[in-house]
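In short: position in the sequence shown from 1, add 316, done, that's our numbering.
The structure under discussion appears below in the form of structure tokens.
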Amino acid sequence: MSVKISPETKRKAIVLGNNLSVVQDLGGEGVPCIVLNHHRAIATYSRYATYKQCPDPSTEEDKAVAFLYDLCQKEGGLPVVLPVTDQWSMAVARHADRLREVSVPCTAGWEAVELMLHKDRFSQWARDRGFRTPRSYTQEEMQRLPSEEYPVVVKPRVHRWSSNGDPQRLHAEMVRLRNTIIEDKWELERFMKREGRFMDHMFFQEYVRGGSDRIYSIGMYIDRSSRIVASIAGHKIRGCMTNHGDTNLGERVTPPRPIWDMAERIVRELGYVGVVEFEFKQDARTDEFVLIEVNPHLWAWCGIGLPCGMNFPLIAYQDLTGTFDPASIVPFEGRVRYARIVFDLLNCIVYSRMGADTPKRSLREWAGDMKADRLVCREFHRNDWLVSVLLLDEAFRALMKRVLATMRRIVQRPFQRVDAKFPESPSSQSGDD
Numbered sequence: 317m318s319v320k321i322s323p324e325t326k327r328k329a330i331v332l333g334n335n336l337s338v339v340q341d342l343g344g345e346g347v348p349c350i351v352l353n354h355h356r357a358i359a360t361y362s363r364y365a366t367y368k369q370c371p372d373p374s375t376e377e378d379k380a381v382a383f384l385y386d387l388c389q390k391e392g393g394l395p396v397v398l399p400v401t402d403q404w405s406m407a408v409a410r411h412a413d414r415l416r417e418v419s420v421p422c423t424a425g426w427e428a429v430e431l432m433l434h435k436d437r438f439s440q441w442a443r444d445r446g447f448r449t450p451r452s453y454t455q456e457e458m459q460r461l462p463s464e465e466y467p468v469v470v471k472p473r474v475h476r477w478s479s480n481g482d483p484q485r486l487h488a489e490m491v492r493l494r495n496t497i498i499e500d501k502w503e504l505e506r507f508m509k510r511e512g513r514f515m516d517h518m519f520f521q522e523y524v525r526g527g528s529d530r531i532y533s534i535g536m537y538i539d540r541s542s543r544i545v546a547s548i549a550g551h552k553i554r555g556c557m558t559n560h561g562d563t564n565l566g567e568r569v570t571p572p573r574p575i576w577d578m579a580e581r582i583v584r585e586l587g588y589v590g591v592v593e594f595e596f597k598q599d600a601r602t603d604e605f606v607l608i609e610v611n612p613h614l615w616a617w618c619g620i621g622l623p624c625g626m627n628f629p630l631i632a633y634q635d636l637t638g639t640f641d642p643a644s645i646v647p648f649e650g651r652v653r654y655a656r657i658v659f660d661l662l663n664c665i666v667y668s669r670m671g672a673d674t675p676k677r678s679l680r681e682w683a684g685d686m687k688a689d690r691l692v693c694r695e696f697h698r699n700d701w702l703v704s705v706l707l708l709d710e711a712f713r714a715l716m717k718r719v720l721a722t723m724r725r726i727v728q729r730p731f732q733r734v735d736a737k738f739p740e741s742p743s744s745q746s747g748d749d
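Below you can see the structure in the form of structure tokens.
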């Protein structure tokens, strides 16, 4: 189990971005946490968090880093800086030398972080070294792509990044368009006509067949001597969507040997230190494991580590402050699952029956899915009930929004049927999709 930190040795942790598990896993062990974000998000409401609003590194990187530097200087004692988003990871890695004057940043070298966050460049780097990643295509190659090579998926070159001056709207468009699946050349033509102006920021990639339930992840912490101190493997049972999306239900598993070997070798070849998550998908046609994503920071489902005997945020914190004891890692061998329990319930029982692209389960099946020796419920923490109330409120608002949208479609449907009888009507002849 983890070792409590004595009041004399407490050093603050500054969490950059929104990751509730990181704040709770540190705060529950007595580590004072400051959460920096450009707006209020769920982690900032935790009883373990002190919220500080800061500039958005996506559009004001220099101001965000200056704010962080000044805060560390004011707090004193070299606080540990833990980025939990792509944009903060990029900003901290780029300015690590400066930040080390006033803090202890948890980051790998700039070259490794930049490479990992540029999806197209990292995919090519990995393929050049014999790792199985999805094939990438230029626009010219897409024009000659045989029909049997479809579908393909559209991805941002960088999902989220730090910058000075890039419009927030561009970031929003990348989120909107990521993981768009192109089924054939006709859909490609439509996509290029509609979204071609964004192609400087996006690229086409082979679509690895299979749903969310074929995704496996490996999370690691590597110390400054390049030793893998802790690692965990997870299987995504359900995402928030059928084929992609954040983990709604996941399980700790023994890592399949091929993905462990790939992750270990990449870490070694990059000389990587710090926290990293690798995401693999097992191709439904060939059963081959394909590396589809890398995150150079603490990941969304890292909260599963604590009941498994590996508190990843605390391990990173203790290693960076020189207080880590390897004996504090006592692996639990039973069945451990992680769930966004309320959102998963709504997805499986309600939204799936309203036509949404979400997994469908009966209530009995869903309850059976929650059985485990230890279950981590993201929405419910025994010492953090304000967060639970806010997440339940968020789920209720999302449900009401879906219900109202469905009611609007039902009300409009009779008018659409009447309209279809009159081909000359403008709405039915406009050609708009």
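Idealized CB from N, CA, C, for every residue including glycine.
If I follow the unbroken beta strand (DSSP E) through residue i, where does it start and stop?
i, result
"glycine 297", "Since the displayed the chain opens at 317 and closes at 749, residue 297 lies outside it and no answer follows."
"tyrosine 537", "531-538"
"leucine 313", "One cannot answer for residue 313 here, as it falls past the ends of the chain, which runs 317 to 749."
"lysine 435", "Premise fails: lysine 435 lies in the alpha helix (DSSP H), 435-444, not in any beta strand (DSSP E)."
"valine 397", "396-399"
"lysine 597", "590-598"
"isoleucine 665", "Unbroken run through isoleucine 665: none, as it is neither H nor E."
"alanine 655", "652-655"
On the DSSP bridge assignment, give the partners of residue i in chain order.
i, result
"methionine 518", "Pro472"
"lysine 552", "Ile531 and Gly566"
"alanine 329", "Cys349 and Val396"
"asparagine 480", "Glu376"
Helix or strand or just coil, what does DSSP make of residue i?
i, result
"glutamate 417", "coil"
"cysteine 693", "strand"
"asparagine 335", "coil"
"threonine 366", "strand"
"histidine 487", "helix"
"glycine 512", "helix"
"leucine 607", "strand"
"glycine 621", "helix"
"threonine 423", "coil"
"threonine 563", "strand"
"isoleucine 575", "helix"
"alanine 546", "strand"
"alanine 428", "helix"
"methionine 317", "Its pLDDT being 36, under 50, methionine 317 is placed unreliably by the model, and the measurement read from it follows with that caveat. Note: methionine 317 maps to coil in three-state DSSP."
"serine 644", "helix"
"proline 323", "The predicted model places proline 323 with a pLDDT of 45, which falls under 50 and marks its position as unreliable; any figure quoted below should be read in that light. Of the three classes helix, strand and coil, the one that applies to proline 323 here is helix, per DSSP."
"serine 452", "strand"
"valine 719", "helix"
Find out if the Cβ-Cβ distance for the pair residue i, residue j is shorter than 8 angstroms.
i, j, result
"alanine 407", "glutamate 377", "yes"
"threonine 449", "serine 439", "yes"
"valine 400", "asparagine 335", "yes"
"arginine 653", "leucine 565", "yes"
"lysine 471", "glutamine 521", "yes"
"leucine 504", "isoleucine 497", "no"
"alanine 442", "alanine 424", "no"
"valine 692", "valine 606", "no"
"proline 642", "cysteine 624", "no"
"aspartate 341", "glycine 535", "no"
"leucine 332", "tryptophan 404", "yes"
"serine 479", "serine 374", "yes"
"leucine 708", "valine 666", "no"
"glycine 621", "phenylalanine 628", "yes"
"methionine 432", "proline 572", "no"
"tyrosine 532", "phenylalanine 447", "no"
Considering only the alpha carbon of each residue, which of the options lies closest to residue i?
i, options, result
"arginine 543", "Glu522, Val524 and Val591", "Val591"
"cysteine 422", "Glu585, Ile631, Arg525 and Arg363", "Ile631"
"glutamate 391", "Asp372, Thr366 and Ser405", "Thr366"
"methionine 490", "His517, Gly481 and Asp500", "His517"
"phenylalanine 514", "Asp529, His487, Ile538 and Gly535", "His487"
"glutamate 649", "Trp617, Ile350, Ala549 and His434", "Ala549"
"cysteine 349", "Pro371, His355 and Lys326", "Lys326"
"arginine 540", "Ile665, Asp635 and Arg416", "Asp635"
"tyrosine 633", "Gly526, Pro395 and Arg356", "Pro395"
"phenylalanine 659", "Ala711, Asn627, Trp682 and His697", "Ala711"
"aspartate 673", "Glu580, Cys370, Ala683 and Met557", "Met557"
"arginine 414", "Lys435, Leu384, Val429 and Asp436", "Leu384"
"tyrosine 537", "Arg584, Tyr364, Ala655 and Asp436", "Arg584"
"proline 467", "Arg473, His475, Val474 and Met458", "Met458"
For residue i, report the span of its alpha helix (DSSP H) as first-last.
i, result
"lysine 379", "377-391"
"threonine 496", "First-last for threonine 496: 496-498, but that is the beta strand (DSSP E), not the alpha helix (DSSP H)."
"leucine 636", "628-637"
"aspartate 402", "402-410"
"glutamate 456", "455-459"
Would the beta-carbon of residue i be found less than 7 angstroms away from any heavy atom of the ligand COA?
i, result
"arginine 473", "No copy of the ligand COA appears in this structure; indeed no ligand is present at all."
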